[in-house]
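**Student:** The following block contains the structure, expressed as C-alpha cells.
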Amino acid sequence: MELKRFLPLIFALYIFLAVALVLLFTRKTTEIHIQSIKRDHFTNFSQISTNESGNAALSFEDIKFATLFDDIALKDLSDVQLAVIYNQTLLESYFDDQATFYILHDAFQGTNYLSLAKDPVCVALTLSPDQIPQIANYLQTWPGSVSVAVFVSSLDFYYAIILINLLRECNKDVLKQVTWHLVLPRNFTPPTSKLGILRTELDCSVDMHESYNVLSKLFNKDKEKSPLPLPINTMRNVASRHCRNEWVIAPEVDLRFPSDKSIYPKLVSFFNATNAFQCVKCAFLPATYDILNNVIPKNKKQLVELVLNGTARVYHEKKSSFRNYTGNLSFWEALPHNDDVVVTSKINLKFPDQPIYITRHGMPKFDERYLGHSWTRSVQALEMQLKEYRFFLLDTIFLVHVNGTKINHANTQVNKQILTHHLRELSLRYDEYLEDLIELYPFDSPRLVDIVQSPHELERKTNRNSLQVKIKKAD
Numbered sequence: 001m002e003l004k005r006f007l008p009l010i011f012a013l014y015i016f017l018a019v020a021l022v023l024l025f026t027r028k029t030t031e032i033h034i035q036s037i038k039r040d041h042f043t044n045f046s047q048i049s050t051n052e053s054g055n056a057a058l059s060f061e062d063i064k065f066a067t068l069f070d071d072i073a074l075k076d077l078s079d080v081q082l083a084v085i086y087n088q089t090l091l092e093s094y095f096d097d098q099a100t101f102y103i104l105h106d107a108f109q110g111t112n113y114l115s116l117a118k119d120p121v122c123v124a125l126t127l128s129p130d131q132i133p134q135i136a137n138y139l140q141t142w143p144g145s146v147s148v149a150v151f152v153s154s155l156d157f158y159y160a161i162i163l164i165n166l167l168r169e170c171n172k173d174v175l176k177q178v179t180w181h182l183v184l185p186r187n188f189t190p191p192t193s194k195l196g197i198l199r200t201e202l203d204c205s206v207d208m209h210e211s212y213n214v215l216s217k218l219f220n221k222d223k224e225k226s227p228l229p230l231p232i233n234t235m236r237n238v239a240s241r242h243c244r245n246e247w248v249i250a251p252e253v254d255l256r257f258p259s260d261k262s263i264y265p266k267l268v269s270f271f272n273a274t275n276a277f278q279c280v281k282c283a284f285l286p287a288t289y290d291i292l293n294n295v296i297p298k299n300k301k302q303l304v305e306l307v308l309n310g311t312a313r314v315y316h317e318k319k320s321s322f323r324n325y326t327g328n329l330s331f332w333e334a335l336p337h338n339d340d341v342v343v344t345s346k347i348n349l350k351f352p353d354q355p356i357y358i359t360r361h362g363m364p365k366f367d368e369r370y371l372g373h374s375w376t377r378s379v380q381a382l383e384m385q386l387k388e389y390r391f392f393l394l395d396t397i398f399l400v401h402v403n404g405t406k407i408n409h410a411n412t413q414v415n416k417q418i419l420t421h422h423l424r425e426l427s428l429r430y431d432e433y434l435e436d437l438i439e440l441y442p443f444d445s446p447r448l449v450d451i452v453q454s455p456h457e458l459e460r461k462t463n464r465n466s467l468q469v470k471i472k473k474a475d
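The UniProt record's numbering applies: residue 1 is where the sequence shown begins, and numbers increase by one.
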C-alpha cells in the first residue's frame, strides 16, 4: 500500500527524466549540425590573413548584426570583420526544396518596394552574373516592380555584390524598382580566402559589362567555375515568391515590353478591373515576337509594321519544340486598333508549348528538379491545365525578344529523363489521360500511354468531349 502512494510521484519523475534526456539530445544534435555547417561552408578564422585587421574603421560592435548587403563600407573592414559578416550573411539564408542552394532573399531591396507593391503586376527575372548589367536596359520599358534572382556560384557571389551595388549607385531606376535575391550552391560557396575582392572599387564612369570583364580577368574567374547548370526553375520560384504584387510574370531578361510608357497604366487598369479581379484561375498571355533589328516597337501598330516588312516574327516560330503557344498570331495582328489592354481570345495549349503569362500567386510552382531551360515552362503550363487554369490572349500589350544571352539547352537529355517520371506523377496525381493534352511527345519510344500505365492498367472510355482514362491499381 505504501508503494502505491508513491506511484504518481515515481511516474512524474520518470516523465521529467525522459523529457530532459530528449532536450539534451536535441541540443547536442543541433550543436553538431551547426558545427558541421561552420566547418563545411563558413570561414575558418585561423586561416585569415590579419595584415589589415588593425586598420578597420568599424568596431566589431558596429558589425555584430551586419550582412554583406547592408549599407556599410566593405573597403574599410579588416579581413576578420569581412569573414564575420560573411558568416552572418549565410545565416540569413534558407534552403530550396531540394536543399541544394542557399537562398538569400531580399538581399538588396528597391527603395520604392512598398509603393510599387500596390500595383497589380510584378516582373520576376532570372539572371546569371554576366547578365546583371542588362537590368538597366530592361527598366527602360518597364516602370513597375521587378524581383530578380541571380545564380552566384563561387567567386560570382562576390562579383554580383559589387555589380549590384554599383548599379544601385549609378542608376536611380535600378535603386527604386529592383529587389535582388541570390541563389548560391550549397556545395560551391565562394572561397573565403578571396573575401578581399569585396573591397574592389568601381565607379559609374566604367561600362557595366566592362566592369564584369575586369573583375573576371583580375581574379581568374574560370578557375572557380561551377559545374552546375543554371537552376532556372529554382530561380523563377525565388523571384516569383518574393514579388509582393498580386500578379506575376516570369519572362527572360531579353523579352521586353513595348517602349510606349503609356501602356503600363493600361495594364494596371486591366488587372484592377472587376473581370480580371474575379478570375482566380486565369493566366493572361501577351503576344510574343522575335525582332531582328533590336529596335523595340513603341506599340502594336509599329510591331505589325515590322512583321509585314519581315523584321519581326512570332517568338520561336522556327523551333516547333520550343514554341511560345499553339497557333499563329495573324488574327491578333489583324484586330482593329484598341487603346486599352483587353482579352482577345481563349488559348488552347498543347504540350510542349512554353507560354509566358501573367498569373496570380498560388499557381503551381516551377518543378525544381529540372536544371537548365529545357521543358521547364512546358511542364508548369501542363500542370496548370490539369488544375483547370484558363489561358487568355491579351491585346495591346506584347513582348519582343531582343538579342541577349543565348539559352543553353545542354541539360536537355537529363531533363527528358526527369520528364518521363514527372508525366507519370501528373497522370496519377490528377487521374487524367495526358495524351489529350500533349501534341508532341519528346521521345521516340515508348509512347506516352506506355509510360503512364505501368504499374497500373489503363481503361479507356469514350466520353462526349474527350477520351478519358480511368487508372486502377494492378493487383
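Note that the Cβ used here is the ideal one computed from N, Cα and C, for glycine as well.
Can you give the Cα-Cα distance for I296 and T126, rounded to whole angstroms?
**Tutor:** Position 296 of the sequence shown, counting from 1, holds the residue named residue 296. Position 126 of the sequence shown, counting from 1, holds the residue named residue 126. Going from the Cα of I296 to the Cα of T126 covers about 21 Å.
**Student:** Out of T189, T141, D76, which has the shortest C-alpha to C-alpha gap to L198?
**Tutor:** Walking along the sequence shown from the start, residue 198 turns up at place 198. With distances taken between Cα atoms, L198 lies closest to D76.
**Student:** For E169, which option in A149, E201, R424, N348 has the closest C-alpha, if you only look at C-alpha atoms?
**Tutor:** Working through the sequence shown from its first residue, we reach residue 169 at position 169. Closest option to E169, Cα to Cα, is E201.
**Student:** When you compare the segment 137–146 with the segment 249–267, are there three or more beta-carbon pairs, one atom per stretch, that lie closer than 8 Å?
**Tutor:** Because the criterion of three Cβ pairs below 8 Å is met, the segment 137–146 and the segment 249–267 touch.
**Student:** Is it right to say D40 is buried, meaning 16 or more other beta carbons lie within 10 angstroms of its own, or is it exposed?
**Tutor:** By one-based count along the sequence shown, residue 40 stands at place 40. Unreliable placement is indicated for D40, whose pLDDT of 41 sits below 50; no coordinate value is reported for it.
**Student:** As a quick exercise: from C122, I347, A381, N187, pick the residue whose alpha carbon is nearest that of Q98.
**Tutor:** Within the sequence shown, residue 98 is the residue found at index 98, counting from 1. Measuring from the Cα of Q98, the nearest candidate turns out to be N187.
**Student:** Tell me the rounded alpha-carbon separation between Y370 and F16.
**Tutor:** One-based indexing of the sequence shown puts residue 370 at position 370. One-based indexing of the sequence shown puts residue 16 at position 16. So the alpha carbons of these two residues sit roughly 48 Å apart.
**Student:** Determine the closest residue to F270 out of D106, P8, T100, I397, with distance taken between C-alpha atoms.
**Tutor:** As a first step, residue 270 is located in the sequence shown; it is residue number 270 there, counting from the start. Of the candidates D106, P8, T100, I397, the one whose C-alpha sits nearest the C-alpha of F270 is I397.
**Student:** Just the C-alpha distance for N309 and D395, rounded to the nearest angstrom, thanks.
**Tutor:** Here residue 309 refers to the residue found at position 309 of the sequence shown. Here residue 395 refers to the residue found at position 395 of the sequence shown. Rounded to the nearest angstrom, the two C-alpha atoms are 21 Å apart.
**Student:** Compare the C-alpha of L382 against each of P231, F101, L426 and name the closest.
**Tutor:** The count along the sequence shown starts at 1 and reaches residue 382 at position 382. If we check each option's Cα against that of L382, L426 comes out closest.
**Student:** Residues in the same chain with beta-carbon distance under 6 Å from T359, minus the five sequence neighbours each way, listed in chain order, please.
**Tutor:** By one-based count along the sequence shown, residue 359 stands at place 359. Excluding positions up to five away in sequence, the list reads A283.
**Student:** What did DSSP end up calling L292 once you bin it into helix, strand or coil?
**Tutor:** Here residue 292 corresponds to residue number 292 of the sequence shown, with the count starting at 1. The answer is coil: DSSP assigns L292 none of H, G, I, E or B.
**Student:** Quick check: the Cα distance between V307 and R313, rounded to an integer number of angstroms?
**Tutor:** Counting from 1 along the sequence shown, the entry for residue 307 is found at position 307. Counting from 1 along the sequence shown, the entry for residue 313 is found at position 313. Approximately 6 Å, taken between the alpha carbons.
**Student:** Quick one: what's got a C-beta closer than 7 Å to S364's C-beta in the same chain, skipping five residues either side?
**Tutor:** By 1-based counting over the sequence shown, the position of residue 364 is 364. The residue you asked about is not Ser; residue 364 is Pro in the sequence shown. Q380, E383, M384, K387, listed in sequence order.
**Student:** Assign V452 to one of three DSSP states: helix, strand, or coil.
**Tutor:** On the sequence shown, position 452 is the one that residue 452 refers to. Note that V452 has pLDDT 46, beneath the 50 cutoff, so the model's placement of it is unreliable and no number is given.
**Student:** First and last residue of the beta strand (DSSP E) that includes I135?
**Tutor:** As a working mapping, residue 135 is identified with position 135 in the sequence shown. Element bounds for I135: not the beta strand (DSSP E) but the alpha helix (DSSP H), 135–138.
**Student:** What is the residue span of the beta strand (DSSP E) that I358 lies within?
**Tutor:** Along the sequence shown, read from residue 1 onward, the residue named residue 358 stands at position 358. Unbroken beta strand (DSSP E) run through I358: 358–360.
**Student:** Measure the C-alpha to C-alpha separation of D290 and L68 and round it to an integer number of angstroms.
**Tutor:** Counting from 1 along the sequence shown, the entry for residue 290 is found at position 290. Counting from 1 along the sequence shown, the entry for residue 68 is found at position 68. So the alpha carbons of these two residues sit roughly 39 Å apart.
**Student:** Apply the 10 Å Cβ neighbour rule to P231 and answer buried if 16 or more other Cβ atoms are within range, or exposed otherwise.
**Tutor:** Position 231 of the sequence shown, counted from the first residue, corresponds to residue 231. Buried: at least 16 other Cβ atoms inside 10 Å.
**Student:** Which same chain residues, not among the five before or five after L287, have their C-beta less than 6 Å away from its C-beta?
**Tutor:** Here residue 287 corresponds to residue number 287 of the sequence shown, with the count starting at 1. Going by the sequence as given, residue 287 is Ala instead of Leu. Around A287: L329, W332, F398.
**Student:** Give me the Cα-Cα distance between D450 and P355, rounded to the nearest whole angstrom.
**Tutor:** On the sequence shown, residue 450 is found 450 positions in, with the first residue counted as 1. On the sequence shown, residue 355 is found 355 positions in, with the first residue counted as 1. At D450, the pLDDT of 47 sits below 50, so the modelled position is not reliable; the number obtained from the coordinates is stated separately. Rounded to the nearest angstrom, the two C-alpha atoms are 27 Å apart.
**Student:** Could you spell out where the alpha helix (DSSP H) holding C279 opens and where it closes?
**Tutor:** As a first step, residue 279 must be located in the sequence shown, where it is residue number 279. Unbroken run through C279: none, as it is neither H nor E.
**Student:** Would A136 pass as a contact of V174 if the rule is Cβ separation under 8 Å?
**Tutor:** Position 136 of the sequence shown holds residue 136. Position 174 of the sequence shown holds residue 174. Closer than 8 Å, so yes.
**Student:** Going along the chain, which residues of its own chain have a beta-carbon closer than 8 Å to the beta-carbon of V342, five neighbours each way excluded?
**Tutor:** To locate residue 342, count along the sequence shown from 1; it is residue 342. Around V342: F270, L394, D395, T396.
**Student:** Write down the C-beta distance between C122 and C204 rounded to the nearest angstrom, noting that I regard them as a contact closer than 8 Å.
**Tutor:** Counting from one through the sequence shown, the residue named residue 122 turns up at place 122. Counting from one through the sequence shown, the residue named residue 204 turns up at place 204. Contact flag wrong, Cβ pair sits at about 27 Å.
**Student:** Does the distance from the C-beta atom of V183 to that of V152 stay below 8 Å?
**Tutor:** Stepping through the sequence shown from its first residue, residue 183 is reached at position 183. Stepping through the sequence shown from its first residue, residue 152 is reached at position 152. Yes, Cβ-Cβ distance for V183 and V152 is below 8 Å.
**Student:** Could you check whether T100 and P229 sit closer than 8 Å to each other, using their CB atoms as the reference points?
**Tutor:** Within the sequence shown, the letter at position 229 stands for residue 229. Within the sequence shown, the letter at position 100 stands for residue 100. In this structure, T100 does not lie closer than 8 Å to P229 by Cβ.
**Student:** Going straight from the alpha carbon of S240 to that of Y389, what length do you get?
**Tutor:** Start at 1 with the first residue of the sequence shown, and residue 240 comes out as number 240. Start at 1 with the first residue of the sequence shown, and residue 389 comes out as number 389. In a straight line, the C-alpha of S240 is about 18 Å away from that of Y389.
**Student:** Whose C-beta lies closer than 7 Å to the C-beta of residue 489 among residues of the same chain, with five residues either side of it excluded?
**Tutor:** This structure leaves residue 489 out entirely; the chain is present only between 1 and 475.
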